[in-house]
Amino acid sequence: MRSREQKGVLAAILDATIRYADIAIPHLTDRDVAEAADALAATYETSARGIIYDHQAASLSAQRLLSAYREVLDARAPHQRPGSFDRTATLVLRRLSEAVQNFAAREETTETAFLDWLRWFTPPHGAAPSTLLIEPGSTPLTAGSEPSSSASDETPRIIVP
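Residues are numbered in the working numbering as their position in the sequence shown, beginning at 1, plus a constant of 142.
Quick look at the structure:
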């Protein structure tokens, strides 16, 4: 991730993933996360070509997660330049899908390895929200893309170079 905008979108998407995974019935799997990210990225790519078409995820769980992603991204979009935001969202969604597929390619993995790893970085329900992403030498980003200094040194975070 190169820009602050990309990191903010990534933080929001990862936050939406965990929030939805905790309430999803049936349980969300890594495959659902990859399908939702790929389908929404394809929708943005199609839109960039001037064609309005909503790509659908294959499973119902993935389609519901796609809707959660769309809500998060639609809330952020008015504050960004339209074309730039679509490219940023597409890049972040494709990278998310690649990350999930990398987890799946590992031997001795479960169908929720990525989600389990992601849960390790999130605070328990009812706890104060922590920062999720940090960049070396900068202020940590929360899901709302606001700098935060409230996270303790023991809080697990994802370092994004």
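Cβ coordinates follow ideal geometry from the N, Cα and C atoms, glycine included. Fair warning: this is a prediction, and the values are worked out from it, not measured in the lab.
Does the beta-carbon of residue i have 16 or more other beta-carbons within 10 angstroms, so that it is buried, or is it exposed?
i: Ala270; result: Legend: pLDDT at Ala270 = 45, less than 50; position of this residue unreliable, value from coordinates given subsequently. Ala270 is exposed by the Cβ-count criterion.
i: Ser145; result: exposed
i: Asp196; result: exposed
i: Glu177; result: buried
i: Leu202; result: exposed
i: Ala247; result: exposed
Considering only the beta carbon of each residue, do residue i and residue j sit closer than 8 Å?
i: Ala245; j: Trp262; result: According to the sequence provided, residue 245 is Phe. The question's Ala does not apply to it. No, these two residues do not count as a Cβ contact at 8 Å.
i: Val175; j: Ala231; result: no
i: Phe227; j: Ala219; result: yes
i: Ala154; j: Val214; result: yes
i: Glu253; j: Asp172; result: yes
i: Ala183; j: Leu257; result: no
i: Ile165; j: Thr264; result: no
i: Ser239; j: Ala179; result: yes
i: Leu170; j: Tyr162; result: yes
Whose C-alpha, out of the options, is nearest the C-alpha of residue i?
i: Ala181; options: Gly192, Glu147, Tyr162, Arg212; result: Arg212
i: Ala200; options: Arg191, Leu208, Ile194; result: Leu208
i: Glu147; options: Thr159, Arg248, Arg223; result: Arg223
i: Ile167; options: Glu187, Thr185, Gln205; result: Gln205
i: Glu187; options: Arg229, Ala255, Arg237; result: Arg229
i: Ala190; options: Arg237, Lys149, Gly225, His221; result: Gly225
In the DSSP assignment, find the unbroken alpha helix (DSSP H) run with residue i in it and report its ends.
i: Arg173; result: 172 to 190
i: Arg161; result: 146 to 165
- What alpha helix (DSSP H) runs, 4 residues minimum, are completely inside the segment 196 to 273? DSSP runs (the alpha helix (DSSP H)) wholly in the segment 196 to 273: 202 to 218, 224 to 247, 255 to 262.
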